[in-house]
Amino acid sequence: MRMPLPSSLNTLRTFSVAAKHLSFKAAADELCLSPSAVSRQIAGLEDQIGCKLFQRQVRGLALTPEGTKLSATLESVFDQLHSTLEIISPHNKSKSEPLVISAQPYFANHWLLPRLHRFKHQYPNVLLQFESELTYKPFDANKIDGCFRFTPPIDKGLHVKKLFRQFAVPVAAPVLLNKSDWNGDLRCLSAFNWCHTLSQPDLWQQWTDAWGLPNLHANENMFFDDADTALQAAKNGIGVAMAAWPLVEATVTAGHLVRLSDCHPQLYSDYYFICAKSNHDSRLQLFINWLNQEIAVE
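Following my numbering, the numbering of the sequence shown begins with 46 at its first residue and continues without gaps.
This is the structure in structure tokens:
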């Protein structure tokens, strides 16, 4: 049976403020209460959950391990609650304007869009607008709220959040593997056509070198303008493409492609989400919180 929640949200708010200040008096000042009222609320909360949240010391307060955990959880909960109330409020004029996010088509198609339904389910009132970034552009806070990049800009005015590392993995369509003698031995890749991209023509050679197979060669080399087209060729059974993991994880999970090796080596840059530090739009924070959730489950 789940423990019932405290009957008053104010009690949790009182604890959160007291944990921030590590002082009942400072918490009382912020909440317009008396220190004794704060102390009574904390004592009642401790009695209800059955553990101490603060250690009363001569020079003040310190959080117990349980108090530290509850404080961190409540900080996130209250932030999201505040952001959600702002979004659903009819007094919030900004909700009619979309949150503009920029991403390269490869990233959008293979990582962002397959997951986006979860964001919309969680925050149906947040209006999003996506812009394709075909070439690298300097971050412009006047045009976009955030962007996904694999090369972080050097700018003290930007918040740069690392999302994940990227690894090079060969992938192929099930139909191609089913009509071949593929047995998991990487040397068998020489029986297939290899799909290259013009932007990274040496990627396959770097990968074979890293695996200790410098003399491994393709049955035939095929070149494509971009990684998305090369990956589409692999989906159609034309050959084996080198893909960025975990960007193609959803495609592999769906059964459209098969990963043919472990995640090694890291021949791609890390991926980042970037936004301006001066952008305090609550919807942007919700989007970042959602990104954290998605990364945590991978």
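All C-beta atoms in this analysis are idealised placements derived from N, C-alpha and C, irrespective of residue type, glycine included.
Quick check: the Cα distance between residue i and residue j, rounded to an integer number of angstroms?
{"i": "Leu329", "j": "Ala88", "result": "37 Å"}
{"i": "Leu248", "j": "Met287", "result": "8 Å"}
{"i": "Asp190", "j": "Leu161", "result": "17 Å"}
{"i": "Leu67", "j": "Asp307", "result": "48 Å"}
{"i": "Phe332", "j": "Asp124", "result": "13 Å"}
{"i": "Val293", "j": "Leu157", "result": "10 Å"}
{"i": "Pro169", "j": "Leu126", "result": "15 Å"}
{"i": "Leu258", "j": "Gly229", "result": "15 Å"}
{"i": "Lys97", "j": "Pro110", "result": "9 Å"}
{"i": "Asn238", "j": "Lys188", "result": "42 Å"}
{"i": "Thr242", "j": "Gln250", "result": "12 Å"}
{"i": "Lys138", "j": "Asp185", "result": "Because the pLDDT at Lys138 is just 46, under 50, the model does not fix this residue reliably, and the point stays unresolved."}
{"i": "Ala41", "j": "Val285", "result": "Absent from the model: residue 41. The displayed extent of the chain is 46 to 343, so no value can be given."}
{"i": "Asp315", "j": "Glu91", "result": "44 Å"}
{"i": "Ser327", "j": "Ser244", "result": "37 Å"}
{"i": "Cys192", "j": "Leu144", "result": "11 Å"}
{"i": "Pro150", "j": "Ala295", "result": "15 Å"}
{"i": "Leu108", "j": "Glu142", "result": "42 Å"}
{"i": "Arg104", "j": "Arg85", "result": "20 Å"}
{"i": "Val220", "j": "Gln311", "result": "28 Å"}
{"i": "Ala289", "j": "Trp252", "result": "12 Å"}
{"i": "Asn55", "j": "Ala82", "result": "12 Å"}
{"i": "Lys280", "j": "Leu305", "result": "14 Å"}
{"i": "Val122", "j": "Ser53", "result": "15 Å"}
{"i": "Cys77", "j": "Ala117", "result": "23 Å"}
Out of the options, point me to the one whose CA is closest to residue i's CA.
{"i": "Cys320", "options": "Gln102, Ala117 and Ser147", "result": "Ser147"}
{"i": "Lys322", "options": "Trp335, Ala278, His204 and Asp254", "result": "His204"}
{"i": "Glu339", "options": "Phe164, Asn260 and Thr113", "result": "Phe164"}
{"i": "Ile94", "options": "Leu130, Val145, Leu57 and Trp227", "result": "Leu57"}
{"i": "Ala278", "options": "Gln174, Pro215 and Gly105", "result": "Pro215"}
{"i": "Phe195", "options": "Lys188, Lys114, Asp185 and Glu178", "result": "Glu178"}
{"i": "Glu120", "options": "Phe212, Ala64 and Ala82", "result": "Ala64"}
{"i": "Ser61", "options": "Arg85, Ala82, Leu115 and Ala255", "result": "Leu115"}
{"i": "Lys182", "options": "Leu106, Pro198 and Pro310", "result": "Pro198"}
{"i": "Lys70", "options": "His262, Leu302 and Leu106", "result": "Leu106"}
{"i": "His309", "options": "Thr129, Val103, Phe212 and Val122", "result": "Phe212"}
{"i": "Leu336", "options": "Leu231, Leu76 and Gln167", "result": "Gln167"}
{"i": "Asn334", "options": "Thr129, Leu76 and His155", "result": "Thr129"}
{"i": "Thr298", "options": "Thr59, Gly112, Leu76 and Pro159", "result": "Pro159"}
{"i": "Phe99", "options": "Asp254, Leu76 and Thr59", "result": "Thr59"}
Report the CB separation of residue i from residue j in whole angstroms; it is logged as a contact under 8 Å.
{"i": "Tyr317", "j": "Lys207", "result": "6 Å"}
{"i": "Phe269", "j": "Cys233", "result": "Their Cβ separation, rounded to whole angstroms, is 23 Å, which puts Phe269 and Cys233 out of contact at 8 Å."}
{"i": "Asp226", "j": "Ala218", "result": "At roughly 16 Å, the Cβ-Cβ gap does not stay under 8 Å, so Asp226 and Ala218 are not in contact."}
{"i": "Ala73", "j": "Ser79", "result": "6 Å"}
{"i": "Phe209", "j": "Pro291", "result": "6 Å"}
{"i": "Trp256", "j": "Leu231", "result": "6 Å"}
Drop a sphere of 10 angstroms on the beta-carbon of residue i, count the other beta-carbons inside from all chains shown, and report buried for 16 or more, exposed for fewer.
{"i": "Ile283", "result": "buried"}
{"i": "Arg101", "result": "exposed"}
{"i": "His325", "result": "exposed"}
{"i": "Gly300", "result": "exposed"}
{"i": "Ala272", "result": "buried"}
{"i": "Val171", "result": "buried"}
{"i": "Glu265", "result": "exposed"}
{"i": "Asn153", "result": "Checking the displayed sequence, the identity of residue 153 turns out to be Ala instead of Asn. Buried, because 16 or more other Cβ atoms sit within 10 Å of the Cβ of Ala153."}
{"i": "Leu302", "result": "buried"}
{"i": "Thr113", "result": "exposed"}
Please tell me whether residue i has its Cβ less than 8 Å away from any Cβ of chain B.
{"i": "Lys182", "result": "Of the chains in the structure shown, none is chain B; there is only one protein chain."}
Ordered list of alpha helix (DSSP H) runs contained in the region 229-281, each at least 4 residues: 248-255 and 272-280
Sequence ranges, beta strand (DSSP E) only - wholly within the region 91-137, length at least 3: 99-102 and 105-108
Residue ranges of each alpha helix (DSSP H) within the region 136-172, 4 or longer: 158-167
Ranges of the alpha helix (DSSP H) found wholly within the region 185-236, counting only runs of at least 4: 219-223
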